[in-house]
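Peer 1: The structure's right below; bear with me while I get my questions together.
In my numbering, the protein residues as written are 22 to 616.
Below you can see the structure in the form of structure tokens.
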């Protein structure tokens, strides 16, 4: 490394380690700042594109939806639409928009904004990326006046009060010609929720400022700051030091270690998320054209079911999750008890049965002990994991060991969150860890397993397992049009049974939500649901809107821009990345000179 490069590296290192002086920081609003440790990459700030938990949590704080879910019990309640009615044939829905609601730039929020949003999703494939399933069955959406939104559906749709798609301001987004390339990071971002997006530094932090004109009333905190960490250990260290106020997605070991710590309160609640192992069933796009790199043996449902028999879910709950999870079974998590389903005859942990099934299916062991397809290809699977999550890596090690007992060789491939998302949506995996947060209405996650959720040749789509099964699709479509609650529950349960039988997605467990916050800075938060609920990643903005700062939080206690420190605490890999980047730049420059 040359002397000039070393000097440049040293300057960058000092800059990274030094706190940002107050004069260099943006002006902070007066009042409390709620600092949240974020451990997931944000895939996009564009509400038409972003679908990770980190992104949707932010969208709920800045964009309106027609309805929302009660903080008490997840029941539907009015939000932007203050009331509604439907025609006798259940095809026409009329929503009456709440008067007096304004965008953060002062423009009124009207029915025309909602109509624009839904029509953009209906006509622009890129705009349907994250939430296209909500409008897939819409025929027309009109706004006869500023206060009235009329949606006509092609067939009766029982989910009309569960349209969780963010509504955007027409006067801003109508100027966006290419949704797919629009980053939505020109600050401030126009919204109408309890907070306004005012700052973003890639892979460092996201800042939201309280909206004093929010129709429910201004939040009690002046600002939210989501500070990104490279791993959860760094986030917990920051919580202990008082450099962040709230941390979610704690590991069981971290959660237990915080017991009895001064000024820290633990929060444990039922999660609405399932932890899933996807087995590539033969990825294809919406034209039924094969895509990706999935192993051909996994197209065989007998192989997938045998693998399921080789997984000890109780061991994963006990030894990976420390008991902070429920054993997986049905597709939907138990927090939504109405749609809870468990297989009447589950595929239990049985290595002997798994081996018997593979023998019977013709996958014989070779001289090296590895099974082969009838065509002679070894069962050698790539297993893609979130590299930053300890539970992924622990699950991977257990599964690798169990499958070795079957004569299946597994290579663990830990990658970043965004790389995992990219590989999953491209079908570039044999096995991959996944998981989704379900909504009180199960339609969104049910739709992920349909043929229609697969990507088109030009992109778009939002599938989970690439499952395309006619029987599942029929059950999905029937539940979508069923307004009788008991009948709909029965159809949803039948769909879950079919999904379980196909074994493309193995629900391993439903993890508890483990959080902790600083009691010296916050006296409490609104939980959802109120019994056994959590603060972050709820169905709504309740946790942030109801945050109760202490006098210490309001007066302020630190002038350090902690986001810079958090970036460093993420590990030496950041600094190595800087050096590597500089070396690459230098090599490219040399190559360019030669050219």
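Glycine is no exception: its CB is placed at the ideal position from the N, C-alpha and C atoms.
Reducing DSSP to helix, strand and coil, say where residue 218 ends up.
Peer 2: DSSP places residue 218 in strand when its eight states are reduced to three.
Peer 1: Looking at the structure shown, is residue 104 part of a helix, part of a strand, or coil, going by DSSP?
Peer 2: It is a strand residue.
Peer 1: How is the beta strand (DSSP E) around residue 576 delimited, first residue to last?
Peer 2: Taken as a continuous stretch (DSSP letters only), residue 576 belongs to no beta strand (DSSP E), being part of the alpha helix (DSSP H) at 572–576.
Peer 1: Are the CB atoms of residue 285 and residue 58 nearer to each other than 8 Å?
Peer 2: Going by C-beta atoms, residue 285 is not nearer than 8 Å to residue 58.
Peer 1: For residue 425, name the three-state secondary structure that DSSP assigns.
Peer 2: Helix.
Peer 1: Report yes if the C-beta distance between residue 532 and residue 342 is below 8 Å; otherwise report no.
Peer 2: Cβ distance < 8 Å, so residue 532 and residue 342 count as in contact.
Peer 1: In its own chain, which residues sit with a C-beta less than 8 Å from the C-beta of residue 504, not counting the 5 before and 5 after it?
Peer 2: The answer, listed in chain order, is 111, 177 and 179.
Peer 1: Grab me the residues of residue 227's own chain with a C-beta within less than 6 Å of its C-beta, minus the 5 sequence neighbours each way, in chain order.
Peer 2: Hits under 6 Å: 221 and 247.
Peer 1: So, under 8 Å CB-CB, residue 147 and residue 211 are touching, yes? Tell me the CB distance rounded to an integer number of Å.
Peer 2: Contact doesn't hold; Cβ gap of about 20 Å is too wide.
Peer 1: Taking 6 Å as the limit between beta carbons, can you name the residues of its chain near residue 444, skipping five residues before and five after?
Peer 2: Counting only Cβ-Cβ distances below 6 Å, and skipping sequence neighbours, we find 405 and 450.
Peer 1: Which of the three DSSP states is assigned to residue 153 in this structure?
Peer 2: Looking at residue 153 - three-state DSSP - the assignment turns out to be helix.
Peer 1: Buried or exposed for residue 97, please, with buried defined as at least 16 other CB atoms from any protein chain shown within 10 angstroms of its CB.
Peer 2: Classification for residue 97: exposed.
Peer 1: Quick one: which unbroken alpha helix (DSSP H) runs of 4-plus residues sit fully inside the region 338–413? Chain order, please.
Peer 2: Entirely contained in the region 338–413, the alpha helix (DSSP H) runs reaching 4 residues are, in chain order, 372–381.
Peer 1: Between the Cα of residue 153 and those of 329, 488 and 72, spot the shortest distance and give me the residue it belongs to.
Peer 2: Closest option to residue 153, Cα to Cα, is 72.
Peer 1: Give a yes or no on whether the C-beta atoms belonging to residue 66 and residue 232 are separated by under 8 Å.
Peer 2: Against a cut-off of 8 Å, the Cβ pair of residue 232 and residue 66 comes out as no contact.
Peer 1: Using DSSP bridges, identify the partner residues of residue 269.
Peer 2: Note: residue 269 sits in no beta bridge, so no partner.
Peer 1: Within the chosen definition, does the region 515–530 reach the region 541–551 through at least 3 CB pairs nearer than 8 Å?
Peer 2: Counting Cβ pairs under 8 Å, fewer than three are found: no touch.
Peer 1: Does the beta-carbon distance from residue 83 to residue 217 come in below 8 Å?
Peer 2: Yes, the Cβ-Cβ distance between residue 83 and residue 217 is below 8 Å.
Peer 1: What do you get for residue 181, buried or exposed, if any count of 16 or more other CB atoms within 10 angstroms of its CB means buried?
Peer 2: Per the 10 Å Cβ criterion, buried.
Peer 1: Do you know how far the Cα of residue 113 is from the Cα of residue 133?
Peer 2: Answer to the nearest angstrom: the Cα atoms are 17 Å apart.
Peer 1: Between 380, 330 and 363, which lies nearest to residue 371 when the distance is taken from Cα to Cα?
Peer 2: The residue with the shortest Cα to Cα distance from residue 371 is 330.
Peer 1: Suppose you measure from the CA of residue 191 to the CA of residue 122; what does that come to, to the nearest Å?
Peer 2: So the two alpha carbons sit approximately 15 Å from each other.
Peer 1: Would you call residue 198 buried or exposed, if buried means 16 or more other Cβ atoms sit within 10 Å of its Cβ?
Peer 2: With fewer than 16 other Cβ atoms within 10 Å, it is exposed.
Peer 1: Opposite residue 114 in the DSSP bridges: which residues?
Peer 2: 107 and 172.
Peer 1: For residue 257, which option in 245, 242, 278 and 241 has the closest C-alpha, if you only look at C-alpha atoms?
Peer 2: Among 245, 242, 278 and 241, the Cα nearest to that of residue 257 belongs to 278.
Peer 1: Please list the segments of the alpha helix (DSSP H) lying wholly inside the region 413–485, counting only runs of 4 or more residues, in order along the chain.
Peer 2: Counting whole runs of 4 or more residues, the region 413–485 contains the alpha helix (DSSP H) stretches 438–446 and 464–468.
Peer 1: Between the region 415–425 and the region 467–478, are three or more C-beta pairs nearer than 8 Å?
Peer 2: The region 415–425 vs the region 467–478: no contact.
Peer 1: Which partner residues of residue 528 appear in the DSSP bridge assignment?
Peer 2: In DSSP, residue 528 forms a bridge with 297.
Peer 1: Once DSSP output is grouped into helix, strand and coil, what is the label at residue 34?
Peer 2: Here residue 34 scores only 36 on pLDDT, less than 50, and its place in the model should not be relied on; the value that follows carries that caveat. Three-state DSSP puts residue 34 in a helix.
Peer 1: Between the region 454–461 and the region 297–308, are three or more C-beta pairs nearer than 8 Å?
Peer 2: In short, these stretches touch, since the Cβ pair count reaches three.
Peer 1: Relative to the alpha-carbon of residue 280, which residue among 194, 557 and 537 has its alpha-carbon at the smallest distance?
Peer 2: It is 537.
Peer 1: Using a Cβ distance threshold of 8 Å, determine whether the region 351–370 contacts the region 406–416, with at least three qualifying pairs required.
Peer 2: At 8 Å Cβ cutoff, the stretches do not touch.
Peer 1: By how many angstroms is the C-alpha of residue 223 removed from the C-alpha of residue 55?
Peer 2: Between residue 55 and residue 223, the C-alpha separation is close to 19 Å.
Peer 1: Which of the three DSSP states, helix, strand or coil, is assigned to residue 72?
Peer 2: If DSSP states are grouped into helix, strand and coil, residue 72 belongs with coil.
Peer 1: Exposed or buried, which one is residue 534 when buried takes at least 16 other CB atoms within 10 Å?
Peer 2: Counting Cβ neighbours within 10 Å, residue 534 comes out buried, since at least 16 surround it.
Peer 1: DSSP three-state label for residue 262, please.
Peer 2: Helix, per DSSP.
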